[in-house]
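Peer 1: As you go down the protein sequences, you meet chains A and B in turn. Counting from 34, one number per residue, gives the positions in the first sequence under this note's numbering. Counting from 24, one number per residue, gives the positions in the second sequence under this note's numbering. In this text, a Cβ means the ideal position worked out from N, Cα and C, and glycines have one as well. Note that the structure is a prediction, hence the values are computed from the model and not measured. Input: one structure, supplied below.
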Amino acid sequence: MSAPHAAHGGPAGFETAKLGVWTFLATEVLLFGALFTAYAVYRAEYPALFHAEHLKLDRILGLANTIVLITSSLTVVLGVDAIRKGKVRLLRGCYGATILLGAVFLCVKYVEWTAEFRHGAYPGTNIFFSLYFALTGLHGIHVLLGMGVLAYVVVLAGRGRLSESYTTPAEMSGLYWHFVDLVWIYLFPLLYLIG
Amino acid sequence: MENDRVTESGGDESGYLAERGWRSWAFTLDHKRIGVMYLLTTIVFFLLGGLFAMLLRLELLTPQTKYFSAHAYNVFFTLHGAMMIFLFIIPAIPSGLGNFFIPLHIGARDVAFPRLNLASYWVFVAGFLVVLASLVAPMDTGWTFYTPYSAKTGAAVATLSFGIFLIGMSSILTGLNFIVTVHKLRAPGMTWHRMPLFVWGMYATSIIQVVATPVVGVTFLLLAMERLLGMAFFDPAKGGDPVLFQHFFWFYSHPVVYVMILPAMGIVSEVIPVFSRKPIFGYKAIAYSSLAIAFIGFLVWGHHMFTSAMSPLANAIFSFLTFFVAVPTAVKVFNWIATLYRGSITFESPMLYALTFIFLFIIGGLTGPFLAALSTNVQLHDTYFVVAHFHYTMMGGTVMGFFAGLHYWFPKMTGRMPGEKLARAAWALIFVGFNVTFFTMFIVGVRGMPRRYAEYLPKFHQENVIATIGSFLLAAGVLLLFWNLWHSLRKGARASGNPWRALSLEWRTPSPPATENFHEIPEVTDWPYGYGKPKRTPA
Chain A
34 MSAPHAAHGG PAGFETAKLG VWTFLATEVL LFGALFTAYA VYRAEYPALF
84 HAEHLKLDRI LGLANTIVLI TSSLTVVLGV DAIRKGKVRL LRGCYGATIL
134 LGAVFLCVKY VEWTAEFRHG AYPGTNIFFS LYFALTGLHG IHVLLGMGVL
184 AYVVVLAGRG RLSESYTTPA EMSGLYWHFV DLVWIYLFPL LYLIG
Chain B
24 MENDRVTESG GDESGYLAER GWRSWAFTLD HKRIGVMYLL TTIVFFLLGG
74 LFAMLLRLEL LTPQTKYFSA HAYNVFFTLH GAMMIFLFII PAIPSGLGNF
124 FIPLHIGARD VAFPRLNLAS YWVFVAGFLV VLASLVAPMD TGWTFYTPYS
174 AKTGAAVATL SFGIFLIGMS SILTGLNFIV TVHKLRAPGM TWHRMPLFVW
224 GMYATSIIQV VATPVVGVTF LLLAMERLLG MAFFDPAKGG DPVLFQHFFW
274 FYSHPVVYVM ILPAMGIVSE VIPVFSRKPI FGYKAIAYSS LAIAFIGFLV
324 WGHHMFTSAM SPLANAIFSF LTFFVAVPTA VKVFNWIATL YRGSITFESP
374 MLYALTFIFL FIIGGLTGPF LAALSTNVQL HDTYFVVAHF HYTMMGGTVM
424 GFFAGLHYWF PKMTGRMPGE KLARAAWALI FVGFNVTFFT MFIVGVRGMP
474 RRYAEYLPKF HQENVIATIG SFLLAAGVLL LFWNLWHSLR KGARASGNPW
524 RALSLEWRTP SPPATENFHE IPEVTDWPYG YGKPKRTPA
C-alpha cells in the first residue's frame, strides 16, 4: 500500500505512469471501437456496396504503409531497449527514425487520398467511403500526435533528462506508438483486403 | 468515544488559500484549488441552466405561446438540458468535490497527475467557450442531438458537438487521474476496505467516465463530420441509420446517469453515519454495489429506444436488464435506512439534504419500473412523466447530494461554518418547491401531456400553473442557499478542524487544509465509520 507520493507536478513513478497510459489506451480502443462497430453494422447491411467499393482502394500502397508502420514499431522497441541500457544517443536515433517513418506513412496516405479524390471518391460519396475516410483520418491524426509525443521525448533526451534509471517518458511514448501501429494492423485488412 | 482521534482546531489562518492573485489559481497544481475552480465554474452553469428552466416554466403558464416563439422555446430547453447535463451535473461532484476530497480521503498529497488535472480543467473551460460560440446559431434539437434532425437544422450543431467533445475529453482525463490515484497513492494502511464510501463511489464513476465517454466523443465527431463534409453515417437519404446514432448516444448517456448519481450516493454514505453517530450498515455491500451499478449501467442503454424500432427481442432484453439495476440501488437505500435505525440523529443542513436525497430518490426510483416495462413505456414515452422521473433522480438525487456535500465540506474547504438558520430555510423552500413542481409533472404526464412543446391543450392548464409556482419557490430556495454560503464565506463562524466530529481522514487536517494536505502522511489503522465502536474494520 505504501506507494510513492508524487509531489506537486513532479514526475509520477513508473508504475503510476504505466497504469495511467494503459487506462488512456483503453479509452482509445473504445474511441475506435465505436467506428469499428459502425463498420460492422453497415457492412452487414450493404455487403455488395462494400465489396464493390473496397476494390477501388490501392492495396499496394496500403501494404507499403503496413510495412512502414511495423518497421516503426521495431525502431521504437530498439529505442526503449537503448535507454534501458543508458544509450541516450541511440534512443534519439531510433526515435528520430520512428518519426521519419511516421512521416513517410502520412505522405503515402496523402498520395492515396488525392488519388481517391481524383477518382471521385469523397468522404460524402457513400457509407463505405465515409467510414474509410473517418477511420483512416482519425488514425492519421493519431499518427501525427504520436510523432509529436516521440519528438518531445527526443528533446527530453537531448537535454539529458533521460537515463537508464529514468526511462518512463520513453517507455510510455513507445507504448502509445505501438497502439497507433496496432490500430492500423486492424484497419488494413478490414478496409483493403476483406471484400 | 469518537474523540479518540486528534482534532486539530484552526490551524494556520488560510492554509491552501494563503496565496493570492489570479496566477496562483490559473496555474495551480493543487488538487484543492482545481476542485474549487471546478465548483465555482459548475455552479455558474447551474444558475444559468436554472435561468433557462425558469424561462420554460414562464412560457408554460399559458396554453398558447405568449412570451417567446416556439423556436426560442426549443432553444431554451436545449440549453437548459445541455448545460445542466454536460456543464453541471456530470462535472460538479466528480471534478469539483472529488478533486478536492479524494486525495484527502485516501491520505495522499495530491492526485496522481497534477499537471493533467490542471489541463483537464482548462480543456473543460475551452469546451465551454466553444459551446458559447455555438450560440451564434442556437441549438434547437434538445440535449440529445438526435439525427436526422440535428444533421439538417440550421443550428451550429458541429460547433456545439465539438464543444461537448472537449468537455468529454476533460471528463476522461479526470476519471483516469482518479483511477490511478486510488490505485497508487493510498496512505499506508489505507486498504480497499478502509476507503471512505465516497472514494468507492468516485472510483466506480471514474471507470464509467473512462469507458463510456470516448464513444460519445466519436459519435459527436461523426455528427460534426456529417454536417461539415456531407459524410453519410446517420442520414437515411444516404443509407445511414439514425437509430445507430441513438445506440451510440445512449451507450454513453445511460451509463453517464450513474456518473451523475454514484458520487452523490457516495456523499450520502459519508453524511448519514456522521449525523446518526453510528457505523455505516453494510459497508461492503454499499461499496460493491457501486461497482455493480457501474457494470449493469452499461447494459441497459436500449431502454431509451423502446419506441425507436428495435427488435422485440432486444426490447425485452433491455427491459429485463433495466429492472436489474434496481437491485444494487436498493441495497444502498436499505443500508442507509438501516444505518439511521436507532441512531442519534441530528438534523444539521448536510443531513437534511442527505435525507431529502433518500426521499426524492426513492420516488424517482419507484417511478422507474413504469418506464422500464415495455407496455407502460409506450404510454408514457416522451411525456412529462419522464421529465418528472429524471428530475426526481437527477435533481432530487444528484443535486440534493451535491448540496449535502457542499454544506458538509464547506467548513473544510473554507474554514468557515455555513449559516445554519438560513440553510434550513433554503432547504425548506427547495423541498416544497421541488415536490410541487415535479410531482405535478407525474400527474400531467400520466394524463398525456407530451414534453418539449411550447403549447399544450387547455385541459393541462391548472397543473402547469401549479408546476410553475413550485418552480419559482424552488428557484428562490436555490438562490437563498447560495446567498447563504456566500455570506458564510465572509461572515461565518470559524470552523475547527473537525466540526462534525467525523472520522475520515480529511477531518484530521486543519480547516482549510494546508497546501500539502497533511503535515505527515497519516498511518491508517481503521475504517472511517467506527462511531461508538472503535476497531470495526470489516475483515
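DSSP state of Asn540 of chain B, grouped into three classes?
Peer 2: Mapped onto the second sequence, residue 540 of chain B falls at position 517. If DSSP states are grouped into helix, strand and coil, Asn540 of chain B belongs with the strands.
Peer 1: Taking C-beta pairs closer than 8 Å, name the residues in chain B that Pro156 of chain A reaches, listed in chain order.
Peer 2: The residue labelled residue 156 of chain A in the question sits at position 123 within the first sequence. Ordered by position in chain B, the residues that pass the 8 Å Cβ test against Pro156 of chain A are Met248, Leu252, Gly253 and Met254.
Peer 1: With a threshold of 8 Å between beta-carbons, can Lys175 of chain B be considered close to chain A, or not?
Peer 2: Sequence index remark: in the second sequence, residue 175 of chain B carries index 152 (1-based). No, Lys175 of chain B does not count as interfacial toward chain A.
Peer 1: Considering Ile385 of chain B, what are the terminal residues of the alpha helix (DSSP H) in which it resides?
Peer 2: Within the second sequence, residue 385 of chain B is the residue found at index 362, counting from 1. Where Ile385 of chain B is concerned, the enclosing alpha helix (DSSP H) stretches over Ser372 to Leu389.
Peer 1: Contact between the region 62 to 70 of chain A and the region 83 to 99 of chain A: three or more CB pairs below 8 Å?
Peer 2: In short, these stretches do not touch, since the Cβ pair count stays below three.
Peer 1: Could you work out which residue in B:Thr167, B:His54, B:Pro117 and B:Pro286 is closest to Gln269 of chain B when comparing CA atoms only?
Peer 2: By one-based count along the second sequence, residue 269 of chain B stands at place 246. Checked all of B:Thr167, B:His54, B:Pro117 and B:Pro286; the closest Cα to Gln269 of chain B is B:Thr167.
Peer 1: Just to confirm the assignment, what range does the alpha helix (DSSP H) spanning Gly456 of chain B have?
Peer 2: Here the question's residue 456 of chain B lines up with position 433 in the second sequence. From DSSP, the alpha helix (DSSP H) with Gly456 of chain B extends over Glu443 to Val469.
Peer 1: Can you list, in chain order, the stretches of the alpha helix (DSSP H) that have 4 or more residues and sit fully within the region 81 to 164 of chain B?
Peer 2: The region 81 to 164 of chain B contains these whole alpha helix (DSSP H) runs: 93 to 105, 122 to 129 and 137 to 156.
Peer 1: Taking 8 Å as the threshold (beta carbon to beta carbon), is Thr532 of chain B in contact with chain A?
Peer 2: In the second sequence, the residue the question calls residue 532 of chain B occupies position 509. Judged by the 8 Å Cβ criterion, Thr532 of chain B is not in contact with chain A.
Peer 1: Tell me whether the beta-carbon of Glu61 of chain A lies closer than 8 Å to the beta-carbon of Phe212 of chain A.
Peer 2: As a first step, residue 61 of chain A is located in the first sequence; it is residue number 28 there, counting from the start. As a first step, residue 212 of chain A is located in the first sequence; it is residue number 179 there, counting from the start. Cβ atoms of Glu61 of chain A and Phe212 of chain A: closer than 8 Å.
Peer 1: Going by DSSP in three states, Ser37 of chain B sits in which element: helix, strand or coil?
Peer 2: Here residue 37 of chain B refers to the residue found at position 14 when the second sequence is read from its first residue. Coil.
Peer 1: Just the chain A side, please: which residues come within less than 9 Å of Val233 of chain B by C-beta, in chain order?
Peer 2: What you label residue 233 of chain B is simply residue 210 of the second sequence in a count that begins at 1. Those within 9 Å of Val233 of chain B in chain A are Thr56, Phe57, Ala59, Thr60 and Leu63.
Peer 1: Assuming Met162 of chain B and Val180 of chain B make a contact with CB atoms under 8 Å, what is their CB distance in whole Å?
Peer 2: Along the second sequence, one-based indexing puts residue 162 of chain B at 139. Along the second sequence, one-based indexing puts residue 180 of chain B at 157. Confirmed, about 7 Å.
Peer 1: With 16 other CB atoms within 10 Å as the buried threshold, where does Glu293 of chain B fall?
Peer 2: Locating residue 293 of chain B in the second sequence gives position 270, counting from the first residue. The residue in question, Glu293 of chain B, is buried, as its Cβ has 16 or more Cβ neighbours within 10 Å.
Peer 1: Given Gly53 of chain A, which residues of its chain have a CB within under 6 Å of its CB, disregarding the five upstream and five downstream residues?
Peer 2: Locating residue 53 of chain A in the first sequence gives position 20, counting from the first residue. Hits under 6 Å: none found.
Peer 1: Tell me where the alpha helix (DSSP H) around Glu227 of chain B begins and ends.
Peer 2: Reading the second sequence from its first residue, position 204 is the one you call residue 227 of chain B. Rather than Glu, the amino acid found at residue 227 of chain B in this sequence is Ala. Ala227 of chain B -> alpha helix (DSSP H) spans Leu220 to Leu252.
Peer 1: Kindly indicate which residue of B:Phe91, B:Phe124, B:Ile112 and B:Ala76 has the alpha-carbon position closest to the one of Leu102 of chain B.
Peer 2: Counting from 1 along the second sequence, the entry for residue 102 of chain B is found at position 79. Of B:Phe91, B:Phe124, B:Ile112 and B:Ala76, the residue nearest in Cα terms is B:Ala76.
Peer 1: Among the residues of its own chain, which have a CB less than 7 Å from the CB of Val238 of chain B, if the five just before and after it don't count?
Peer 2: For this step, residue 238 of chain B is matched to residue 215 along the second sequence. Same-chain partners within the cutoff: Phe271, Phe274 and Tyr275.
Peer 1: Please classify Gln232 of chain B as buried or exposed, where buried requires at least 16 neighbouring CB atoms within 10 angstroms.
Peer 2: Taking the first residue of the second sequence as position 1, residue 232 of chain B is located at position 209. Counting Cβ neighbours within 10 Å, Gln232 of chain B comes out buried, since at least 16 surround it.
Peer 1: Give me the Cβ distance between Ala377 of chain B and Ala427 of chain B, rounded to the nearest whole Å; I'm assuming they're in contact under 8 Å.
Peer 2: Against the second sequence, residue 377 of chain B aligns to sequence position 354. Against the second sequence, residue 427 of chain B aligns to sequence position 404. Indeed they touch by this definition, with Cβ atoms about 4 Å apart.
Peer 1: Name the chain B residues that come within less than 9 Å of Asn159 of chain A, Cβ to Cβ?
Peer 2: Position 126 of the first sequence holds residue 159 of chain A. Residues of chain B passing the Cβ test: Ala255, Lys261 and Gly262.
Peer 1: Spatial neighbours of Pro259 of chain B within its chain, please: CB distance less than 8 Å, with the 5 preceding and 5 following residues excluded, ordered by chain position.
Peer 2: Taking the second sequence and counting its residues from 1, the one referred to as residue 259 of chain B is at position 236. Pro171 and Pro265, listed in sequence order.
Peer 1: Assuming Pro296 of chain B and Tyr552 of chain B form a contact by the criterion Cβ under 8 Å, report the distance between their Cβ atoms to the nearest whole angstrom.
Peer 2: Walking along the second sequence from the start, residue 296 of chain B turns up at place 273. Walking along the second sequence from the start, residue 552 of chain B turns up at place 529. Their Cβ separation, rounded to whole angstroms, is 5 Å, which keeps Pro296 of chain B and Tyr552 of chain B in contact under 8 Å.
Peer 1: Hey, could you find the ends of the alpha helix (DSSP H) Asp614 of chain B is sitting in?
Peer 2: A query on residue 614 of chain B cannot be resolved here, the shown segment of chain B reaching from 24 to 562 and no further.
Peer 1: Taking just the CA atoms, how far does Glu82 of chain B sit from Gly468 of chain B?
Peer 2: In the second sequence, residue 468 of chain B corresponds to position 445, counting from 1. In the second sequence, residue 82 of chain B corresponds to position 59, counting from 1. Between Gly468 of chain B and Glu82 of chain B, the C-alpha separation is close to 18 Å.
Peer 1: Using only the alpha-carbon positions, how far apart do Gly325 of chain B and Ala337 of chain B sit?
Peer 2: Taking the second sequence and counting its residues from 1, the one referred to as residue 325 of chain B is at position 302. Taking the second sequence and counting its residues from 1, the one referred to as residue 337 of chain B is at position 314. Roughly 8 Å separates the two Cα atoms.
Peer 1: Under 7 Å Cβ-Cβ, which residues of chain A neighbour Ile202 of chain B?
Peer 2: Along the second sequence, read from residue 1 onward, the residue named residue 202 of chain B stands at position 179. Thr56, listed in chain order.
Peer 1: Which residue from B:Phe370, B:Met423 and B:Ala93 puts its Cα closest to that of Phe298 of chain B?
Peer 2: By one-based count along the second sequence, residue 298 of chain B stands at place 275. Nearest option by C-alpha distance: B:Phe370.
Peer 1: Below 8 Å CB to CB, which residues in the same chain sit around Lys142 of chain A once its five sequence neighbours on both sides are set aside?
Peer 2: In the first sequence, residue 142 of chain A corresponds to position 109, counting from 1. Asn98, Thr169 and Gly173.
Peer 1: Tell me whether Thr167 of chain B sits in a helix, a strand or coil according to DSSP, three-state version.
Peer 2: Counting from 1 along the second sequence, the entry for residue 167 of chain B is found at position 144. Coil at Thr167 of chain B, not helix or strand.
Peer 1: Based on the DSSP secondary-structure assignment, which residues constitute the bridge partners of Thr406 of chain B?
Peer 2: On the second sequence, residue 406 of chain B is found 383 positions in, with the first residue counted as 1. B:Pro473.
Peer 1: So if I threshold CB-CB distances at 7 Å, which residues from the region 114 to 141 of chain B count as touching chain A?
Peer 2: Per Cβ criterion, the list reads Ala131, Arg132, Asp133, Ala135, Phe136, Pro137 and Arg138.
Peer 1: Buried or exposed, going by whether 16 or more other CB atoms sit within 10 Å of the CB of Leu50 of chain B?
Peer 2: Stepping through the second sequence from its first residue, residue 50 of chain B is reached at position 27. The sequence shown places Phe at residue 50 of chain B, not Leu. When all chains shown are included, Phe50 of chain B counts as exposed.
Peer 1: Are there 16 or more other CB atoms within 10 angstroms of the CB of Ser367 of chain B, so buried, or fewer, so exposed?
Peer 2: As a first step, residue 367 of chain B is located in the second sequence; it is residue number 344 there, counting from the start. It counts as exposed.
Peer 1: Could you tell me which residues DSSP pairs with Ser196 of chain A in its beta bridges?
Peer 2: For the purposes of this step, residue 196 of chain A is identified with residue 163 of the first sequence, where counting begins at 1. Ser196 of chain A pairs with A:Tyr199.
Peer 1: Who are the neighbours of Ile195 of chain B on chain A, taking C-beta pairs under 7 Å?
Peer 2: Along the second sequence, read from residue 1 onward, the residue named residue 195 of chain B stands at position 172. Under the 7 Å cutoff, chain A gives Thr60.
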